[in-house]
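Colleague:
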Amino acid sequence: MKCVSCGAEMPSGAQFCAKCGVRAESSAAARPAVSSVSKSGGMDKGKIALAIVALIALAAAGYFGWRAMRPARVAQIAAKQPAVGPLTERSGRIAPSGPLTEQTGAAPEKEPVPQDVIDYLAFLREIERQRVLLAKTQMSEVLKQSSELTYAGAMADWTTNEPEQKYREVYGRFQQSLSQWSVQWQELAGRFLGYPKPVPATCGELRDRYYNLLGVTSKAMAQVGNSFAQALSGDPGKALEALTQMQGSGLGSASKEIGDACVAADDALAAVCDRHKLRKDFAIRDDLGGGNLLGR
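All letters in the sequence shown, in the order written, are residues 5 to 300 by our numbering.
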């Protein structure tokens, strides 16, 4: 008897194989199982045949699929696919392949400020500086001349005719100075109107309001000069008339006109700056000095 497991010869009646140690009964019992499987293998062979046919079909499908989708064809199809952008670092979403502005719409660009507007505002700023300086200079001159005339008049009342002559000389210079005031304002208005370039369309209202301000300021300063000239002329009638005008609504009305004209011009300036998104770096004010002289 041979061992089913290792094939070694076993003595008759032995229960275990001396070589591999397999039980003789197990070896003997295993034979019918093997033979039964081989004998009843008709159905198993059919299943195996079906499995082989299925494998052949899968292999054929893979072969013909590769033929249909050969590398060259795959490359052509891939080339027709839309390009995909890189993944974003944080969200993992697909980044757009084209510029972002093409998909979401470009942000509106800030309208560039015309250079002619910038130049005109710089010119106006210089004219405004000259207007304020001229008014303050004339106010200071009035105060200075009135002080000299008051002193000369007091001396003339208590001494001889020599101080009286001195008073006339001071008063003559004062009147001569007053005659130049209107000329100085006309020159400033001429410089303003003589802007060497075309005035920007958006600055038209600003130009008109500022020109009106120049006229109002010139008129007010002329009233101040004439009132003091009459008050210090030595003529009691003229002096009384001048003092009445100063204390009444004469100079006070002129002061209000200047204030209103300044507000109107400054509002027009602010409108131009807002329209062109510019910083308003100067203001048009009625602070000309000598507030009491204008009835303020």
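Beta carbons are placed, not taken as given, at the ideal position from N, Cα and C, and that holds for glycine.
#1: Where DSSP assigns a beta bridge to Glu13, which residues make up the other side?
#2: Just tell me which of Ile131, Gln149, Pro204 and Ala18 has its CA closest to the CA of Asn230.
#3: Tell me, to the nearest whole angstrom, how far the beta carbon of Tyr199 is from that of Phe127; I am working on the premise that it is less than 8 Å.
#4: Is it a yes or a no for the stretch 122-141 touching the stretch 186-205, going by three-plus beta-carbon pairs under 8 Å?
#5: List the whole-angstrom C-beta distance separating Ile262 from Asp290, where the pair is believed to meet the contact cut-off of C-beta under 8 Å.
#6: If you reduce the DSSP assignment to three classes, tell me which class Trp70 lands in.
#7: Considering Arg211, what are the terminal residues of the alpha helix (DSSP H) in which it resides?
#8: Less than 9 Å between the beta carbons of Tyr171 and Phe196, yes or no?
#9: For Phe286 versus Arg129, is the C-beta spacing smaller than 9 Å?
#10: Run the CB neighbour count on Pro204, radius 10 Å, all protein chains shown included, and call it buried at 16 or more, exposed below.
#11: Grab me the residues of Ala272's own chain with a C-beta within less than 7 Å of its C-beta, minus the 5 sequence neighbours each way, in chain order.
#12: Cutting at 6 Å between CB atoms, please list the residues of its own chain near Asp264, excluding the five before and the five after it.
#13: So the candidates are Lys23, Asp120 and Pro15; which of them puts its Cα closest to the Cα of Thr206?
Modeller: Short version:
#1: Here residue 13 refers to the residue found at position 9 of the sequence shown. BP columns for Glu13 point to Lys6.
#2: By 1-based counting over the sequence shown, the position of residue 230 is 226. Checked all of Ile131, Gln149, Pro204 and Ala18; the closest Cα to Asn230 is Gln149.
#3: Position 195 of the sequence shown holds residue 199. Position 123 of the sequence shown holds residue 127. About 6 Å separates the two Cβ atoms, so the contact holds.
#4: yes
#5: In the sequence shown, residue 262 corresponds to position 258, counting from 1. In the sequence shown, residue 290 corresponds to position 286, counting from 1. Correct: roughly 5 Å between the Cβ atoms.
#6: Here residue 70 refers to the residue found at position 66 when the sequence shown is read from its first residue. At Trp70, the pLDDT of 46 sits below 50, so the modelled position is not reliable; the number obtained from the coordinates is stated separately. Helix.
#7: Taking the first residue of the sequence shown as position 1, residue 211 is located at position 207. That run of the alpha helix (DSSP H) goes Gly208 to Ala235.
#8: Residue 171 sits at position 167 when you count from the first residue of the sequence shown. Residue 196 sits at position 192 when you count from the first residue of the sequence shown. No.
#9: Translated into positions along the sequence shown, residue 286 becomes position 282. Translated into positions along the sequence shown, residue 129 becomes position 125. Yes. Within cutoff.
#10: Residue 204 sits at position 200 when you count from the first residue of the sequence shown. Classification for Pro204: buried.
#11: For the purposes of this step, residue 272 is identified with residue 268 of the sequence shown, where counting begins at 1. So the list reads Glu209, Leu210 and Arg213, once near-sequence residues are dropped.
#12: For the purposes of this step, residue 264 is identified with residue 260 of the sequence shown, where counting begins at 1. None.
#13: What you label residue 206 is simply residue 202 of the sequence shown in a count that begins at 1. It is Asp120 whose Cα lies nearest to the Cα of Thr206.
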